[in-house]
Amino acid sequence: MKDKHKDEQKLTFAQVQSDLILARHALDDSQKSGAAMAKIMRGQAGYHLQQATEKLIKIQIYQSGKQIDNYRLYKHSIPELSSYAKSLGIDLIVPAYIRKNDEKITGWEAEGRYDVHMVVRTDTLEKTYSVVDKWLEEMKGKHK
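Residue numbers (the numbering used here): 1 to 144.
Below is the structure:
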């Protein structure tokens with residue numbers, strides 16, 4: 001039987017790169033904006049960093065060759081995705097910083113964009129950007 005979700009499995013490193021580009025633009029723009037707009041732009045940067053992280057994990061799951069329950073991947077929770085990979089016997093490559101902050105980064109998927117009381121610090125976003133950018137380059141190097 002043909003997997004009706006096969007097309008959804010085509011996540012690429014280019015998609016991750018586009019999230020990083022958008023995060024970089026949002027971070028840069030937040031530095032040039034007034035306080036209210038800067039907060040919104042940091043929320044957008046956090047969203048795209050969360051998406052890049054999520055996609056790097058999902059790419060590894062898809063590329064594992066394991067039989068995958070696609071519905072288990074319809075999540076944004078980095079800890080849940082990591083747990084699912086582990087249940088399949090997949091040894092994910094995930095930087096220690098990401099593992100340590102996976103709950104916080106997961107929250108950026110929605111909280112940083114919608115919660116008016118949520119504040120995502122610039123230095124935290126910059127550190128996460130740096131880690132995810134390096135992680136992407138390492139993953140691309142392994143899949144040449």
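Glycine included, every Cβ here is placed at the ideal spot set by N, Cα and C.
Since the structure is predicted, the reported quantities are computational estimates derived from the model, not experimental observations.
Contact check, residue i vs residue j, beta carbons under 7 Å
i, j, result
"Ala14", "Ala45", "no"
"Ile78", "Asp102", "yes"
"Gly204", "Gly112", "Given that the chain is displayed from residue 1 to residue 144, the structure contains no residue 204 and the question cannot be resolved."
"Arg72", "Tyr84", "yes"
Collapsed DSSP secondary structure at residue i in the structure displayed
i, result
"Ser83", "helix"
"Asp91", "coil"
"Ile68", "coil"
"Met37", "helix"
"Gln15", "helix"
"Lys10", "coil"
"Ala110", "coil"
"Asp115", "coil"
"Gln31", "helix"
"Gln63", "coil"
"Lys75", "coil"
Neighbour-count burial assignment, residue i, 16 or more Cβ in a 10 Å radius
i, result
"Gln31", "exposed"
"Glu138", "exposed"
"Val120", "buried"
"Met41", "buried"
"Ala23", "buried"
"Ile59", "buried"
Proximal residues to residue i (C-beta, below 7 Å), its chain only, five neighbours per side dropped
i, result
"Val16", "Ala52, Lys55, Leu56, Leu136"
"Val131", "Pro95, Tyr97, Ile98"
"His143", "none"
Same chain, Cβ closer than 6 Å to residue i, five either side skipped, listed in chain order
i, result
"Lys66", "Leu88"
"Glu109", "Gln50, His76"
Residues of its chain near residue i, where Cβ-Cβ distance is below 8 Å and the 5 sequence neighbours each way are ignored
i, result
"Glu126", "Leu27"
"Ile90", "Gln60, Ile61, Ser64, Lys66"
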